[in-house]
Amino acid sequence: MGMARSYVMEITTEVVRVLNAVAPEVISFPRSRDGWTVVEDGFASPHGYPGVAGATHGSLIAMERPEDYDGFYCRKCYPALNVQAIVSPDRTFMSVEVRPGSWSDRNCWKYSRIGRTVHSVIPAGMHFIGDAGYALLPGLIVPYCEREEGGELTPQQKQFNFRHSSTRMVVESNFGLWKGRFRMLQGVLNQETPRTAAKFVVATMVLHNVMICFQDSSKIRLYMAQDDEEEAAEDEIIPRHLRQIGKAKRNAIATLICH
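With the numbering used here applied, the sequence shown covers 1117 to 1375.
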């Protein structure tokens, strides 16, 4: 015996509501210094990169064109949500914010809760890592860019970028695992409004964390999107003094780990 579509939608809406209600407990940062130490050690273990509090990444999720579509068309010219998340070394989401598709990764970070309060969230000396689509900040370290370094990187800078990229791979593979587990994210979301689409996205991330917690062993084909990384952030989008502090911190890390 089949079920009416309206009934299925009603149940789905309720499940999404409940999952969003528990999201702050399931998608969260460590609540103690010991918890942060576990995260830092987890990132440092494979490639020797110290002080990492999480790896951040932004990913576009296609959606049906909303009635009020202004701002939702992404750089690839389709309506979308830009999902910014921070991932731990055990592949759980620690933070998520959903913005319109036209938002760049650096603006998503700038106006996110974590971007505005980063130093009150993570312990002193730690930082997040992101790709070249983000701006260099004291609390967010990105790779060296040839354009900023006179057109050519030094051997030390190249080695730093390799270790930085290798450490950050966990966030990209986690997005692939998440989209592989919830394959509707690979297509076009058909929720009625961007708000309901965003709630659906968060609900899948809650379920993803629960499955990681319970060590789900299902065989999942990772989904790896092509060309999902933005171009390097522009220098002028952040205050000069913050960028200088970020540069000094990045140089100190490079000197420490690259010989």
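Glycine included, every Cβ here is placed at the ideal spot set by N, Cα and C.
Top-ranked residue by Cα proximity to residue i, from the options
i	options	result
Met1125	Pro1140, Leu1197, Gln1307, Gln1273	Gln1307
Arg1191	Ser1218, Arg1147, Tyr1260, Gln1275	Ser1218
Glu1180	Val1326, Thr1312, Cys1374	Thr1312
Ser1148	Met1119, Arg1215, Ser1161, Val1237	Val1237
Ala1240	Arg1356, Ala1169, Gln1331, Phe1316	Ala1169
Val1155	Phe1188, Lys1226, Phe1209, Glu1265	Phe1209
Ala1160	Phe1330, Pro1310, Ser1282	Ser1282
Asn1277	Tyr1260, Arg1356, Ala1368, Gly1164	Tyr1260
Glu1288	Met1327, Arg1121, His1173, Tyr1185	His1173
Test item: CB-CB of residue i and residue j under 9 Å
i	j	result
Ile1202	Ile1177	no
Ile1245	Val1234	no
Ser1211	Phe1145	yes
Asn1325	Val1142	yes
Ile1354	Ala1251	yes
Cys1224	Arg1215	yes
Ala1139	Val1286	no
Glu1183	Thr1309	yes
Leu1323	Phe1291	no
Arg1279	Gly1249	no
Residue interval of the alpha helix (DSSP H) (run including residue i)
i	result
Gly1296	1271–1297
Ile1328	1310–1329
Ile1177	No alpha helix (DSSP H) contains Ile1177, which is instead part of the beta strand (DSSP E) from 1168–1178.
Ile1238	Counting along the chain, Ile1238 falls outside any alpha helix (DSSP H), and DSSP gives it neither H nor E.
Asn1306	Asn1306 -> no alpha helix (DSSP H), and no H or E assigned at all.
Start and end residues, beta strand (DSSP E) containing residue i
i	result
His1375	Neither: His1375 is in no beta strand (DSSP E) and is coded neither H nor E.
Val1212	1209–1216
Ile1143	Unbroken run through Ile1143: none, as it is neither H nor E.
Val1382	The displayed coordinates of the chain run from 1117 to 1375. Any statement about residue 1382 would go beyond what the structure contains.
Residues of its chain near residue i, where Cβ-Cβ distance is below 8 Å and the 5 sequence neighbours each way are ignored
i	result
Gly1158	Ser1204, Pro1205, Asp1206
Lys1365	His1243, Pro1254, Ile1257
Ile1336	Leu1293, Gly1296, Arg1297
Close beta carbons around residue i, own chain, < 6 Å, minus the five adjacent residues each side
i	result
Gln1272	Ala1370, Cys1374
Gln1302	Lys1295, Tyr1339
Glu1352	No answer about Glu1352 holds up, because its pLDDT of 45 lies below 50 and its placement is not dependable.
Pro1166	Ala1160
Buried or exposed by the 16-neighbour rule on C-beta atoms within 10 Å, applied to residue i
i	result
His1243	buried
Met1321	buried
Gly1151	exposed
Glu1130	exposed
Ser1175	buried
Ser1220	buried
Pro1162	exposed
Cutoff 7 Å; reference residue i; Cβ partners in own chain excluding five residues on either side
i	result
Asn1136	Lys1315, Val1318, Ala1319
Gln1275	Cys1374
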